[in-house]
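Student:
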Amino acid sequence: MNQHSSTADPVDGPGPAPSRAAAPSAHGATRWWRDAVIYQVYPRSFADGNGDGMGDLAGARARLPHLAALGVDAVWLSPFYASPQADAGYDVADYRTVDPVFGTLDDAGALIAEAHRLGLRVLVDVVPNHSSDRHAWFRAALAGDPAARARYHFRPGKGPDGQLPPNDWESVFGGPAWTRESPDGEWYLHLFAPEQPDFDWDNPAVRDEFRSVLRFWLDLGVDGFRIDVAHGLVKAPGLPDTGRTGQVELLGSAPLPFFDQDGVHDIYRSWRRVLDEYPGERIGVAEAWTPDARRTALYVRGDELHQAFNFHYLNAGWDAGELRAVVDESLGSLGAVGAPSTWVLSNHDVVRHRTRLGGGSGRARAATLLMLALPGSAYLYQGEELGLPEVTELPDAARQDPSFFRDNGQDGLRDGCRVPLPWEESGPSYGFGPGGSWLPQPAGWGALSVAAQTGDPHSTLELYRTALRLRRERPELGDGEPLEWLHAPDGVLAFRRGSFVCTANTAAEPRELEAAPGEVLLAGGPAEGAGAVGGAVLPGDTTVWWARG
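So the sequence shown is numbered by the numbering used here: it starts at 4 and just counts up by one.
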């Protein structure tokens, strides 16, 4: 057979099942994050504990047993800080308090403690690129305080009387990245909404403040941070023009003067020193949109962060050649710096993969099994274990995504992946909470609920539970054995990791293998298809896990 090896350069090797991620190495470190399955909780849409229609920390705490039973290793919470909610909490007014919408600081502490009791680690979002325009620093800046103004990017405009923006940068949410609103007529920079002014990270006060914020939450017991817009903190000297429009189309694919500047790495080296002050292997995870995997790898060198999101994999189509190229590039680039690759299919900012990839639930299940078989760590977004599709029919009056209200070509698509979860088969919000839900749930949502799918061997929920159990039990998976590509028909990805084999048919039509690779462990298709799979025929849009004899 034609074979090709691609390794993730495992550091500690596999440990005993079922909790390999928590098994200590010979050096006393677990390196749990190298193969952890981390579940994203979007608090406002996960579970409502007080009946006001908005998810909160009390609701999330009550539903943690679901995540423990699912088999994940850690929970990542999207922002719950004090915020005017101009961008669903990513506009932070106070980084050390909980917004009353979500509860109190005591609720946060109780959630962390309960997660730890259940064996789950907790990561929280930190938003360092920008604050809310209601942050005390920015309010002081608008009032003319020079020290406060120096913590943001204020610049004089161009043209007569400075009526034009300082440069041609565009907001990710559409329109110019500058707003003129200060006593002297200067403009301030906001790469996102006008309510989200960018910090100037050349200012030592900003750097000191965020190290203090990290320590505040580490002292409360969090196990790490997901760093929002980790690539955006440092801007190119002089804030030069890009020389073109449509800059949002270049995100993650081409160099830009406001993203992925080399200066960010000094910041993350200082953050790593803070993380290393604490016991228990606290980690940092970069949300870093970069032009290629080589640039992503710079964020996870040994003295910087522990993980970076693999957006190149998320953006890949359901195509064997495209996926293989991304896997090889990811494993090669990340392995070269001794870091694990991460794999993700959905999150709070993109169309759910069941809808985005096309092909319905079968293709989504196949994509999930392929992702969970790859070396490294995996991220799940709430509700994907239920096979939830994107909600594409939302009334305009219900939408809250700021991109919907600005001309950036996204049409507010983020609302569709944020519709509150169904927990029960019936009720006013299918068990989300007694007071309805802040975004309307589709009719028939109950058939996809946790209650409806639990115990059904054909359900997506039980597929996820089984896959995560096998991933823990099989020492080859996670951060275990390196990946070795196997010869396969067109449209099929096949690889071996020790005695484990994964075959994924990305074609819509069946494909015949030269021989069955072994005993079927798990198939993404219905159980009644196992007979065909057990031979050497892979149904279309199906991934199968095999154990070699």
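Backbone N, C-alpha and C fix where the C-beta goes; we use that ideal spot for every residue, glycine too. Remember, predicted model here, so these are calculated numbers, not experimental data.
1) Given this structure, state the Cα-to-Cα distance separating T371 from T545, to the nearest angstrom.
2) With distances taken Cα to Cα, identify the nearest neighbour of L334 among S349, L348, W321 and A311.
3) Looking only at its own chain, which residues have a Cβ that is under 6 Å from the Cβ of A319, when we skip the five neighbours before and after it?
4) What is the DSSP secondary structure of Y42, counted as helix, strand or coil?
5) What residue range does the beta strand (DSSP E) around F503 cover?
6) Identify whether Q456 lies in helix, strand or coil by the three-state DSSP scheme.
7) When the Cβ atoms of the segment 103 to 120 are set against those of the segment 53 to 69, are three or more pairs found closer than 8 Å?
8) Within the same chain, show all residues whose beta-carbon is closer than 7 Å to that of G543, passing over the 5 residues directly before and after it, in chain order.
9) What are the boundary residues of the beta strand (DSSP E) that includes Q124?
10) Count the other CB atoms, across all protein chains shown, that sit within 10 Å of the CB of R551; report buried if there are 16 or more and exposed otherwise.
11) Which residue's Cα is closest to the Cα of D136: P492, P149 and P197?
12) Within the same chain, show all residues whose beta-carbon is closer than 7 Å to that of A208, passing over the 5 residues directly before and after it, in chain order.
13) Rounded to whole angstroms, what is the Cα-Cα separation between A89 and V101?
14) Can you grab the Cα-Cα spacing for the pair S120 / P260, in whole Å?
15) For P398, tell me which candidate among G177, Q385, L391 and D418 has the shortest Cα-Cα distance.
16) For the alpha helix (DSSP H) holding G449, just list the boundary residues, first then last.
17) To which residues of the same chain is T469 closer than 7 Å at the C-beta, ignoring the five residues directly before and after it?
18) List the endpoints of the continuous beta strand (DSSP E) containing Y433.
19) Use the C-beta contact count for G266: other C-beta atoms within 10 angstroms, 16 or more gives buried, fewer gives exposed.
20) Residue range of the alpha helix (DSSP H) that G287 falls in?
21) To which residues of the same chain is H268 closer than 7 Å at the C-beta, ignoring the five residues directly before and after it?
22) Check for me: the beta strand (DSSP E) holding L524 runs from which residue to which?
23) Would you call the segment 64 to 78 and the segment 172 to 183 touching, i.e. three or more CB-CB distances under 8 Å?
24) Using DSSP bridges, identify the partner residues of P179.
25) Once DSSP output is grouped into helix, strand and coil, what is the label at V540?
26) Of all the options E428, A400 and V394, which has the alpha carbon lying nearest to the alpha carbon of R421?
27) Between L451 and G390, is the Cβ-Cβ spacing less than 8 Å?
28) Which one of D97, S432, R474 and E515 has the shortest CA to CA distance from S48?
29) The alpha helix (DSSP H) spanning T371 covers which residue range?
30) Which residue wins for smallest C-alpha separation from L516, given the options R500, G494 and P423?
31) CB-CB under 6 Å to A50, same chain, minus the five flanking residues each way: which ones, in chain order?
32) Locate the beta strand (DSSP E) running through R229, then write down its first and last residues.
Tutor: Based on what the coordinates show:
1) Within the sequence shown, residue 371 is the residue found at index 368, counting from 1. Within the sequence shown, residue 545 is the residue found at index 542, counting from 1. Cα atoms of T371 and T545: separation of roughly 10 Å, rounded to the nearest angstrom.
2) What you label residue 334 is simply residue 331 of the sequence shown in a count that begins at 1. Comparing Cα positions, the closest option is A311.
3) Against the sequence shown, residue 319 aligns to sequence position 316. Here the set comprises E325, L326 and V329.
4) In the sequence shown, the residue the question calls residue 42 occupies position 39. Residue state, collapsed to three classes: strand.
5) Within the sequence shown, numbered from 1, the residue matching residue 503 stands at position 500. Note, F503: beta strand (DSSP E), F503 to N508.
6) Your numbering for residue 456 matches position 453 in the sequence shown. Note: Q456 maps to helix in three-state DSSP.
7) Counting C-beta pairs closer than 8 Å gives three or more between the segment 103 to 120 and the segment 53 to 69, which meets the contact rule.
8) By 1-based counting over the sequence shown, the position of residue 543 is 540. These residues qualify, in order along the chain: N508, A510, A511, E512 and P513.
9) What you label residue 124 is simply residue 121 of the sequence shown in a count that begins at 1. Gln is not the amino acid found at residue 124; the sequence shown has Arg there. Its beta strand (DSSP E) spans residues R124 to V129.
10) Locating residue 551 in the sequence shown gives position 548, counting from the first residue. So R551 counts as exposed.
11) Numbered from 1 along the sequence shown, position 133 holds the residue referred to as residue 136. Closest option to D136, Cα to Cα, is P197.
12) As a working note, residue 208 is residue 205 in the sequence shown. Excluding five sequence positions before and after A208, the CB atoms of its chain that fall closer than 7 Å to its own CB belong to R154, given in chain order.
13) In the sequence shown, the residue the question calls residue 89 occupies position 86. In the sequence shown, the residue the question calls residue 101 occupies position 98. One alpha carbon belongs to A89, the other to V101, and they sit about 16 Å apart.
14) The residue you call residue 120 lines up with position 117 of the sequence shown. The residue you call residue 260 lines up with position 257 of the sequence shown. Checking the displayed sequence, the identity of residue 120 turns out to be Arg instead of Ser. Spanning the alpha carbons of R120 and P260 requires a straight line of approximately 45 Å.
15) Taking the first residue of the sequence shown as position 1, residue 398 is located at position 395. Ranking G177, Q385, L391 and D418 by Cα distance to P398 puts D418 first.
16) Numbered from 1 along the sequence shown, position 446 holds the residue referred to as residue 449. Secondary structure note for G449: it is in no alpha helix (DSSP H), with a DSSP letter that is neither H nor E.
17) As a position in the sequence shown, residue 469 is number 466, starting the count at 1. Only L525 meet the Cβ criterion.
18) One-based indexing of the sequence shown puts residue 433 at position 430. Unbroken run through Y433: none, as it is neither H nor E.
19) Position 263 of the sequence shown, counted from the first residue, corresponds to residue 266. The residue is exposed, with fewer than 16 neighbouring Cβ atoms inside 10 Å.
20) Position 284 of the sequence shown, counted from the start, is the residue given in the question as residue 287. Counting along the chain, G287 falls outside any alpha helix (DSSP H), though it belongs to the beta strand (DSSP E) covering I286 to A289.
21) Within the sequence shown, the letter at position 265 stands for residue 268. Contacts found: L301 and E307.
22) Indexing the sequence shown from 1 puts residue 524 at position 521. That run of the beta strand (DSSP E) goes E522 to A526.
23) They do not touch, by the three-pair rule.
24) On the sequence shown, residue 179 is found 176 positions in, with the first residue counted as 1. The partner list for P179 (beta bridge, DSSP) reads E173.
25) On the sequence shown, position 537 is the one that residue 540 refers to. Strand.
26) Residue mapping note: residue 421 aligns to position 418 of the sequence shown, counting from 1. Relative to the Cα of R421, the nearest Cα in the group E428, A400 and V394 belongs to V394.
27) Walking along the sequence shown from the start, residue 451 turns up at place 448. Walking along the sequence shown from the start, residue 390 turns up at place 387. Taking 8 Å as the Cβ cut-off, L451 and G390 qualify as a contacting pair.
28) As a first step, residue 48 must be located in the sequence shown, where it is residue number 45. The option with the nearest alpha carbon to S48 is S432.
29) Counting from 1 along the sequence shown, the entry for residue 371 is found at position 368. Segment G363 to A376, the alpha helix (DSSP H) holding T371.
30) Taking the sequence shown and counting its residues from 1, one reaches residue 516 at position 513. Looking at the Cα atoms, G494 is the closest of the given residues.
31) Sequence index remark: in the sequence shown, residue 50 carries index 47 (1-based). Closer than 6 Å at Cβ, skipping near neighbours: G58, G62, A63 and R66.
32) Taking the sequence shown and counting its residues from 1, the one referred to as residue 229 is at position 226. Judged by DSSP secondary structure, R229 falls within the beta strand (DSSP E) whose first and last residues are G227 to I230.
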